[in-house]
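Single-structure report; data block below.
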Amino acid sequence: MIEQSDNYSLSFEILFWKVFHNRFLFELIFEVLKTMPIEYSIPSKYYVGNRITFKNICSLKWFVENSQMELLGDKLKSDQYIFIDKGSILDFFKKCNNITIIDQFLKKKENQIKNITNLISVLVESNNHEALQIALSNTNMDQNPITIEIIKNSILFSSPQVLKHLLSKYQEHQLNKPIDLEFQEKLKQDSLYWASQNTAHLDEMLQFI
Numbered sequence: 001m002i003e004q005s006d007n008y009s010l011s012f013e014i015l016f017w018k019v020f021h022n023r024f025l026f027e028l029i030f031e032v033l034k035t036m037p038i039e040y041s042i043p044s045k046y047y048v049g050n051r052i053t054f055k056n057i058c059s060l061k062w063f064v065e066n067s068q069m070e071l072l073g074d075k076l077k078s079d080q081y082i083f084i085d086k087g088s089i090l091d092f093f094k095k096c097n098n099i100t101i102i103d104q105f106l107k108k109k110e111n112q113i114k115n116i117t118n119l120i121s122v123l124v125e126s127n128n129h130e131a132l133q134i135a136l137s138n139t140n141m142d143q144n145p146i147t148i149e150i151i152k153n154s155i156l157f158s159s160p161q162v163l164k165h166l167l168s169k170y171q172e173h174q175l176n177k178p179i180d181l182e183f184q185e186k187l188k189q190d191s192l193y194w195a196s197q198n199t200a201h202l203d204e205m206l207q208f209i
């Protein structure tokens, strides 16, 4: 019985992705959903805005709050406009673990992000070490240096994996350059204190430091 159930689930998943990647069927299903009547138990739910069509959804916040990462990926792939702000960028990196979508987002929305916030700082705050690794590999360290403030926030709020990526990139960039004594001294003096404030990753961070 369990094997039969697993086979059914696998067949259903294969069928789902076939439909999802078939543009005609995909758009047809959305058209049906768009016109399908919906009954709400709360009268206040009846308003025009809750039947907005997919093509008109352009808010990163909406995709994140509704866990529609695959649909967001479809928007990114087709270069459609997406409205983003600092809060939605942070929430996106906190919740998205799909490397393909993260990579698309960083490539397609690079200029928008630059005009809004410091990407590395946001990635440190989100504790998304995989996204950070992708971003660091494509970041000009002369234009966007890893500062002591970014290292401090990493020790305070993120995991040792995030800090490890930052320190590795910093050391790589500092090769054949004068040693930043102020940076080194600040790190030596305060890193244990910062780590002791990291309640989410206290033991691992203290051990790493």
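Using the numbering used here, the letters of the sequence shown correspond one by one to residues 1 to 209. Yeah, the Cβ is synthetic: ideal placement off N, Cα and C, and Gly gets one too.
Query raised in the report: Around the C-beta of Pro178, are 16 or more other C-beta atoms found within 10 angstroms, so that it is buried, or is it exposed?
Result: Exposed is the call here.
Query - Which of helix, strand or coil DSSP assigns to Ser121 - result: Helix at Ser121.
Query raised in the report: Can you give the beta carbon distance from Phe208 to Leu163, rounded, assuming they're within the 8 angstroms contact cut?
Result: 7 angstroms
Query - Which residues DSSP lists as bridging Phe83, in chain order - result: Answer is Ser59, bridged to Phe83.
**Report entry** Own chain residues within Cβ distance below 6 angstroms of Met1, not counting five before or after
**Finding:** Its pLDDT being 49, under 50, Met1 is placed unreliably in this model, and the coordinates cannot settle the point.
Report task. Sort Cys58, Asn111, Asn127 by Cα distance to Gly73 and report the nearest one. Result -> Cys58
Query raised in the report: Beta carbon of Ile146, beta carbon of Leu106: below 9 angstroms?
Result: no
Query raised in the report: Alpha carbon to alpha carbon, how far is Ser168 from Asp91?
Result: 26 angstroms
Query raised in the report: Below 9 angstroms between beta carbons: does that hold for Cys96 and Val124?
Result: no
Query - Asp74 - containing alpha helix (DSSP H), residue span - result: 69-77
Query raised in the report: Is the beta carbon of Leu215 less than 9 angstroms from the beta carbon of Leu192?
Result: This structure leaves residue 215 out entirely; the chain is present only between 1 and 209.
Report task. Please state whether DSSP places Met141 in a helix, a strand or coil. Result -> Three-state DSSP puts Met141 in coil, outside helix and strand.
Query raised in the report: Considering only C-alpha positions, which residue in the set Ser126, Ala195, Leu119, Gln68 is nearest to Ile101?
Result: Gln68
Requested in this report: In the DSSP assignment, find the unbroken alpha helix (DSSP H) run with Asn115 in it and report its ends.
Outcome: First-last of the alpha helix (DSSP H) with Asn115: 110-116.
Report task. Please say whether Ile120 and Ile84 have beta carbons closer to each other than 9 angstroms? Result -> no
Query raised in the report: In or out: Lys75 buried (at least 16 other Cβ within 10 Å) or exposed?
Result: buried
Requested in this report: Can you tell me which of the three DSSP states Asn202 falls into?
Outcome: Per the sequence shown, the amino acid found at residue 202 is Leu instead of Asn. Leu202: helix per DSSP, three-state reduction.
Query raised in the report: First and last residue of the alpha helix (DSSP H) that includes Gln197?
Result: Unbroken run through Gln197: none, as it is neither H nor E.
Query raised in the report: What's the C-alpha gap between Gln161 and Asp79?
Result: 32 angstroms
**Report entry** is_contact[Asp190, chain D] using C-beta, thresh 9 angstroms
**Finding:** As a matter of chain content, chain D is missing from the structure shown, which is built from one protein chain.
Query raised in the report: Given a threshold of 16 other Cβ atoms within 10 Å of its Cβ, counted over all protein chains shown, does Ala131 qualify as buried or as exposed?
Result: Burial call: buried.
Query raised in the report: For Ile151 versus Leu187, is the C-beta distance shorter than 9 angstroms?
Result: Between Ile151 and Leu187, the C-beta spacing is below 9 angstroms.
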